[in-house]
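Using the numbering used here, the letters of the sequence shown correspond one by one to residues 300 to 752.
We treat Cβ as the ideally placed atom computed from N, Cα and C, and that holds for glycine.
Model, not experiment: these values are computed from the prediction.
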Amino acid sequence: MDEEVQIPSDAPLRVRHLKLSGANRTQPHVFESELQQAYTATTVHGVLQGVHNAAAALHGLGIFDRVDVMLDRAEGGSSNEADVCITVKERGIRVLHAGNRSDTSLEASTTGQLTNPFGNGEVISGSAGASLAGTTSYALRLVRPRVAGRDASLILQARQETHDQLRTSSFTELSRGLVATLRSHDGAHALTGEMTWRDVMPRRHPTVPYAHAASLSVLRESRPSVRSSMRYAYTQDGRDSPYVPTVGPYLQASHREAAVPPGDVSFLKGHIALQQHMSFVDLAPIFLSVNPLPISLGVCLGLGAVRPFGSDAGKPARISDRYFLGGPMMLRGFKVAGTGPRAPKEEGGNLEGDSLGGDIRATASAALSFPFPVSPLAQWGVRLQLFANAGNLTTWQTPLDRMHRDARAAVGVGIVSSLFGMGRVEATWSHVLRKAPHDQTRRAQFGMGLVFE
């Protein structure tokens with residue numbers, strides 16, 4: 300009968316060799332860099348902890364379907380030496396898929412991806428997509444995980460985007476740029492450097508050659524510019540769902556500085572978003588559901604500002620860098636970009652005047668949500684909500700003490716769903732309480748996206 304042997308955790312132990320199996324493409328240095336903690340350990344506890352952390356890090360690279368790690372007695376070595384044996388199953392190198400995703404808005408896209416083609420853990424992808432917001436995008440991306448053995452990924456992108464603002468501001472913006480992002484694996488920190496060429500193109504006149512059908516204010520903005528900037532974003536997300544949360548806090552704060560050569564625009568731009576969601580009564584027993592179906596109250600606050608400085612001090616920010624306000628997910632009861640500074644109707648462009656954006660944007664909302672009264676829909680995450688929201692968009696030329704006096708506000712009811720985990724879908728009916736004479740309102744609205752306020 301074998302006796303169980305207890306080995307003290309502080310007993311001496313060192314790693315001698317690494318044995319790999321199944322690593323047909325992956326280079327040995329990928330494994331070696333993750334095993335540094337185990338290599339430097341001198342006790343049983345230290346080696347086991349290092350091996351455990353290495354296994355978790357290798358699995359987190361996203362290039363393996365399976366990672367098995369074990370310790371084996373070192374052949375020909377001393378009793379306090381062991382070999383690390385790693386067996387992996389590499390993921391397929393080629394992937395082609397269609398999806399609905401982007402950083403901020405819901406986007407239908409097709410992506411071709413090469414996983415670990417050179418054996419360094421990299422992922423190379425190319426994508427083409429279009430969003431309901433009128434954006435088309437093309438991107439080539441290289442992702443290098445675990446840069447220098449740290450819990451951070453390096454993302455390099457070359458991209459082209461076309462933003463259709465014709466319905467609101469009588470222009471289309473074409474942008475081409477290079478972007479580099481260093482992002483922590485937990486998503487809390489992201490440092491981004493970019494250089495983007497932008498061209499604001501006013502709407503062409505439908506019958507008069509070489510003429511434009513845009514306001515004079517938009518025509519003054521119709522010139523190319525280069526934005527060379529650094530941006531830092533901090534994010535903490537404790538919500539149970541990013542799209543239809545019922546409990547948990549959320550915080551995102553970002554700061555962008557555009558004044559890096561060879562850019563020709565200089566500004567500071569900051570934004571902060573706060574959310575707190577609280578659950579009260581769980582109605583799961585009523586719907587015979589094994590998953591929680593609570594009544595929830597959510598409060599959202601947002602504040603952003605952009606300020607030109609340096610060579611652009613005293614000038615208005617470019618229209619490409621301003622804030623806009625209105626529409627589903629942001630200020631319900633108002634059309635997309637339906638509030639804030641607007642060009643006079645006499646200047647041409649849209650019938651109600653082109654939306655010009657602003658320098659300072661503030662929003663606040665509260666929503667009380669319930670499971671949908673039909674059991675199958677409730678279990679699929681469909682919820683009813685009662686909401687109130689308010690906001691304002693203004694410029695630095697307007698006294699800040701007018702922010703609250705000029706605020707727009709609306710209340711309403713709606714249906715909200717997480718679209719099977721792909722994004723947020725809202726159908727709402729609103730009653731506008733406060734608005735400015737030039738604001739554009741809309742009672743019934745439907746919206747899809749990834750970010751809401």
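Taking the C-beta atoms as reference points, residue 389 is found nearer than 7 Å to residue 324. When the five nearest sequence neighbours on each side are left out, the beta carbons in the same chain lying within less than 7 Å of the beta carbon of residue 536 are those of 549, in order along the chain. Assignment of residue 352 by DSSP, reduced to helix, strand and coil, places it in the helix class. The Cβ neighbour count for residue 311, taken over all protein chains shown within 10 Å, is under 16; the residue is labelled exposed. Annotation: residue 355 to residue 443 spans about 17 Å, alpha carbon to alpha carbon. According to DSSP, residue pairing for residue 372 in a beta bridge involves 381. The residue from 494, 435, 540 and 559 with its alpha-carbon nearest to that of residue 721 is 540. With respect to the 7 Å criterion, residue 451 and residue 481 are classified as neighbours on the basis of their beta carbons.
Going by DSSP, residue 678 is part of no beta strand (DSSP E) but of the alpha helix (DSSP H) stretching over 674-678. Per the coordinates, the alpha-carbon of residue 582 lies some 51 Å from the alpha-carbon of residue 320.
Taking a contact to require three or more Cβ pairs closer than 8 Å, the stretch 619-638 and the stretch 646-664 qualify as touching. Sixteen is the threshold: when 16 or more other Cβ atoms of the shown chains lie within 10 Å of the Cβ of residue 744, as they do, the residue is buried.
Taking 3 residues as the minimum length, the beta strand (DSSP E) runs contained wholly in the stretch 637-690 are 659-670, in order along the chain. Per the C-alpha coordinates, the member of 696, 692, 699 and 521 positioned closest to residue 618 is 521. If only uninterrupted alpha helix (DSSP H) runs of at least 4 residues are considered, those enclosed by the stretch 505-549 are 515-519. Distance check between residue 427 and each of 419, 417, 421 and 409 places 409 closest, using alpha-carbon atoms only. The Cβ atoms of residue 697 and residue 752 lie no closer than 7 Å to each other.
Ranked by how close their Cα comes to the Cα of residue 440, the residues 570, 459, 391 and 433 have 459 in first place. Relative to the Cα of residue 748, the nearest Cα in the group 341, 732 and 724 belongs to 724. In its chain, beyond the 5 residues on either side, 633, 637, 638 and 707 have a beta carbon closer than 7 Å to the beta carbon of residue 738.
The Cβ atoms of residue 554 and residue 603 do not sit closer than 7 Å to each other.
Residue 730 has 710 as its beta-bridge partners, per DSSP.
For residue 330, the enclosing alpha helix (DSSP H) has its first and last residue at 327-333. According to the DSSP assignment, residue 490 belongs to the beta strand (DSSP E) that extends over 488-501. With a cutoff of 7 Å on beta-carbon distance, residue 690 and residue 543 are scored as not near each other. The beta-bridge partner set that DSSP reports for residue 437 consists of 427 and 459. For residue 620, the CB contacts under 8 Å within the same chain, skipping 5 residues up- and downstream, are 526, 557, 564, 566, 568 and 605 in chain order. Taking every protein chain shown into account, the CB of residue 574 has 16 or more other CB atoms within 10 angstroms, so this residue is buried.
Assignment of residue 343 by DSSP, reduced to helix, strand and coil, places it in the helix class. In the three-state reduction of the DSSP assignment, residue 719 falls in the helix class, which pools H, G and I. Rounded to whole angstroms, the gap between the alpha carbons of residue 719 and residue 678 is 11 Å.
Contact between residue 502 and residue 469 holds: CB atoms are separated by about 5 Å, below the 8 Å threshold.
With respect to residue 343, residue 385 sits apart: the two C-beta atoms are not nearer than 7 Å.
In the structure shown, residue 594 adopts extended strand secondary structure according to DSSP, grouped into three states. DSSP places residue 337 within a helical segment (H, G or I) once states are collapsed to three.
Between residue 381 and residue 370, the C-beta gap is smaller than 7 Å, which places the two residues in contact.
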